[in-house]
Amino acid sequence: MQDQSVVRRSDCRLCGSRHLEPVFSLTPTPPANALVSADQVGQPQAVYPLDLFFCTDCGHLQLLDVVDPALLFENYVYVSGTSPSFVRHFQDYAGALITGFNLAPDSLVVDIGSNDGTLLKAFKDQGLRVMGVDPAKDIAAKATADGVPTLAEFFSLETARRITGEVGQASVVTANNVFAHADDLAGIVEGVRELLAPDGLFSFEVSYLMDVFEKTLFDTIYHEHLSYHSLKPLCRFLDAQGMQPVKVERPETHGGSLRVISQLKGGARSVDSSVSALVDLEEQKGLDRAETFRGYGAQIDQLRDDLGSLLGDLKARNKVIAAFGAPAKATTLMYHFGLGSGVIDFIVDDSPLKQGLFSPGFHIPILPVTALYERMPDYVLILAWNFATPIMKNNQRYREAGGQFIVPLPKLEVF
Numbered sequence: 007m008q009d010q011s012v013v014r015r016s017d018c019r020l021c022g023s024r025h026l027e028p029v030f031s032l033t034p035t036p037p038a039n040a041l042v043s044a045d046q047v048g049q050p051q052a053v054y055p056l057d058l059f060f061c062t063d064c065g066h067l068q069l070l071d072v073v074d075p076a077l078l079f080e081n082y083v084y085v086s087g088t089s090p091s092f093v094r095h096f097q098d099y100a101g102a103l104i105t106g107f108n109l110a111p112d113s114l115v116v117d118i119g120s121n122d123g124t125l126l127k128a129f130k131d132q133g134l135r136v137m138g139v140d141p142a143k144d145i146a147a148k149a150t151a152d153g154v155p156t157l158a159e160f161f162s163l164e165t166a167r168r169i170t171g172e173v174g175q176a177s178v179v180t181a182n183n184v185f186a187h188a189d190d191l192a193g194i195v196e197g198v199r200e201l202l203a204p205d206g207l208f209s210f211e212v213s214y215l216m217d218v219f220e221k222t223l224f225d226t227i228y229h230e231h232l233s234y235h236s237l238k239p240l241c242r243f244l245d246a247q248g249m250q251p252v253k254v255e256r257p258e259t260h261g262g263s264l265r266v267i268s269q270l271k272g273g274a275r276s277v278d279s280s281v282s283a284l285v286d287l288e289e290q291k292g293l294d295r296a297e298t299f300r301g302y303g304a305q306i307d308q309l310r311d312d313l314g315s316l317l318g319d320l321k322a323r324n325k326v327i328a329a330f331g332a333p334a335k336a337t338t339l340m341y342h343f344g345l346g347s348g349v350i351d352f353i354v355d356d357s358p359l360k361q362g363l364f365s366p367g368f369h370i371p372i373l374p375v376t377a378l379y380e381r382m383p384d385y386v387l388i389l390a391w392n393f394a395t396p397i398m399k400n401n402q403r404y405r406e407a408g409g410q411f412i413v414p415l416p417k418l419e420v421f
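Next comes the structure, spelled out in structure tokens:
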């Protein structure tokens, strides 16, 4: 019987072309955030394909297997506000939009996929009005209670009409790490056009394919991330949707992101040179060619073999190996690299929402960080590798007591 919770689309998510080539595949996994409670340990979890396809018409790299969004997002446990670096990032982001585009006090900012309201709080603190939209019911309710009004639903044209009817048009619509998550991107932009004031801005951030490729950040590939964006296909897509990029930036979040700031087509703002410069760089790097990604799988497998050799040697010497961090991307890394309970003894994580739960599929216990000091494992594999520097700094006491950290990506290092 076919699993009804996953469907495979047959056309490009950005341009609708059916000229799609498979370029590489990762090991199928459960949904990346599908942590389980103690009473669910031992029950098998469904796994879904992670096959990457390249559109030979527009150059977009994507998953075609779409897992039911309700399964992925309605009981979401990731919150931005638990990470000090993300809080700072969002404060800087809000400040850059306010000053760079002269946003008036009392302007309305709407954030699609607003999570716990961290970005909107930064706008609110500067005197702007805010409204969030996020399908994770518990997180949306908490954000509203914390002073950031948040609609607990998936964003749609109907949502946009309701917001404009109740609080007016938005000077800014943001969507951060949402454009990679949604299957119907044209539907989102239709809602954005409805929501934006004539001189409004639509600013979105996505994990950037150039960084995913150059830094071998393959573990950011999981079912929530349907799209692996580069600018050239996005420009073509936005143009077809009545939008025009006016500026692009490359923030360092998530190992490397792309921020695209756009206006309604024909808007008053001139187009910054950053747009054409980045498209040119993508062409130089070969991001618009399928063969560029065919060799990517071989690079990933080499990393897997190197880490497997190191950890296999340590386990053969009866070393205890813990892991630090249970981010979504850890699921891809653990499955493709075969890091099950035979390799990793336990995981520690700063988030109280994850402590006491078990990892997707492999069901490895997730404990508070204090477990590092209570149990003193010989090695700690940092699964949240993009925070490796602050993690090691904050846990200097573990190193001083003889513990060692292993950072698996972007290159394998032992500290």
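Per this note's numbering, the very first residue in the sequence shown carries number 7; after that it's consecutive.
Yeah, the Cβ is synthetic: ideal placement off N, Cα and C, and Gly gets one too.
None of the values given here were measured: they were computed from a predicted structure.
List the endpoints of the continuous alpha helix (DSSP H) containing Val349.
As a first step, residue 349 must be located in the sequence shown, where it is residue number 343. Where Val349 is concerned, there is no enclosing alpha helix (DSSP H), given that its DSSP letter is neither H nor E.
Using a Cβ distance threshold of 8 Å, determine whether the region 185–198 contacts the region 300–314, with at least three qualifying pairs required.
no
Would Ser263 and Val212 qualify as a contact pair, given that the criterion is a beta-carbon distance under 8 Å?
Stepping through the sequence shown from its first residue, residue 263 is reached at position 257. Stepping through the sequence shown from its first residue, residue 212 is reached at position 206. Taking 8 Å as the Cβ cut-off, Ser263 and Val212 qualify as a contacting pair.
Gly261, buried or exposed, once every other Cβ within 10 Å from all chains shown has been counted against 16
Position 255 of the sequence shown, counted from the start, is the residue given in the question as residue 261. So Gly261 ends up on the buried side.
Can you tell me where the beta strand (DSSP E) holding Tyr385 begins and where it ends?
The residue labelled residue 385 in the question sits at position 379 within the sequence shown. Per DSSP, Tyr385 belongs to the beta strand (DSSP E) from 385–388.
Under 7 Å Cβ to Cβ from Leu201, same chain only, skipping five residues before and after it: list those, please.
Taking the first residue of the sequence shown as 1, we reach residue 201 at position 195. Cβ neighbours of Leu201 beyond the five flanking positions: Val116, Ala166, Ile169, Thr170, Gln175, Ala176, Val179.
Output the boundary residues of the alpha helix (DSSP H) element that contains Gln410.
To locate residue 410, count along the sequence shown from 1; it is residue 404. Unbroken run through Gln410 is the beta strand (DSSP E), 410–413; no alpha helix (DSSP H).
Flag this pair as touching only if the region 27–34 and the region 46–55 have three or more C-beta atom pairs under 8 Å; answer yes or no.
yes
Between the C-alpha atoms of Leu295 and Lys143, what's the straight-line distance to the nearest angstrom?
Translated into positions along the sequence shown, residue 295 becomes position 289. Translated into positions along the sequence shown, residue 143 becomes position 137. Residue 295 is actually Arg in this sequence, not Leu. Roughly 40 Å separates the two Cα atoms.
Using the three-state DSSP reduction, which class does Asp45 fall into: helix, strand or coil?
Indexing the sequence shown from 1 puts residue 45 at position 39. The answer is helix: DSSP assigns Asp45 an H, G or I state.
Beta strand (DSSP E) containing Arg135: first to last residue?
In the sequence shown, the residue the question calls residue 135 occupies position 129. Start and end: 135–139.
Select from Gly348, Met249, Thr259 the residue whose C-alpha is nearest the C-alpha of Ala274.
What you label residue 274 is simply residue 268 of the sequence shown in a count that begins at 1. With distances taken between Cα atoms, Ala274 lies closest to Met249.
Per DSSP, cross-strand counterpart(s) of Cys18
To locate residue 18, count along the sequence shown from 1; it is residue 12. DSSP, once it has assigned bridges, lists no residue as partnering Cys18.
Indicate whether at least one CB of chain E lies closer than 8 Å to the CB of Pro141.
In the structure shown, chain E cannot be found, because there is only a single protein chain.
Is Phe129 closer than 8 Å to Val136 when the C-beta atoms are compared?
Working through the sequence shown from its first residue, we reach residue 136 at position 130. Working through the sequence shown from its first residue, we reach residue 129 at position 123. The answer is yes: Cβ separation under 8 Å.
So the alpha helix (DSSP H) Gly65 belongs to, where does it begin and stop?
In the sequence shown, the residue the question calls residue 65 occupies position 59. No alpha helix (DSSP H) holds Gly65; DSSP gives it neither H nor E.
Return helix, strand or coil for Lys250, following the three-state DSSP convention.
Locating residue 250 in the sequence shown gives position 244, where the first residue counts as 1. Sequence check: residue 250 is Gln here, not Lys. In this structure, Gln250 counts as strand in the three-state DSSP scheme.
Evaluate contact between the region 104–116 and the region 89–96, counting only Cβ atoms and requiring at least three cross-stretch pairs below 8 Å.
no
Am I right that Leu373 and Tyr404 are in contact with their C-beta atoms under 8 Å? What's the rounded C-beta distance?
Sequence index remark: in the sequence shown, residue 373 carries index 367 (1-based). Sequence index remark: in the sequence shown, residue 404 carries index 398 (1-based). Leu373 to Tyr404, Cβ: 14 Å. No contact.
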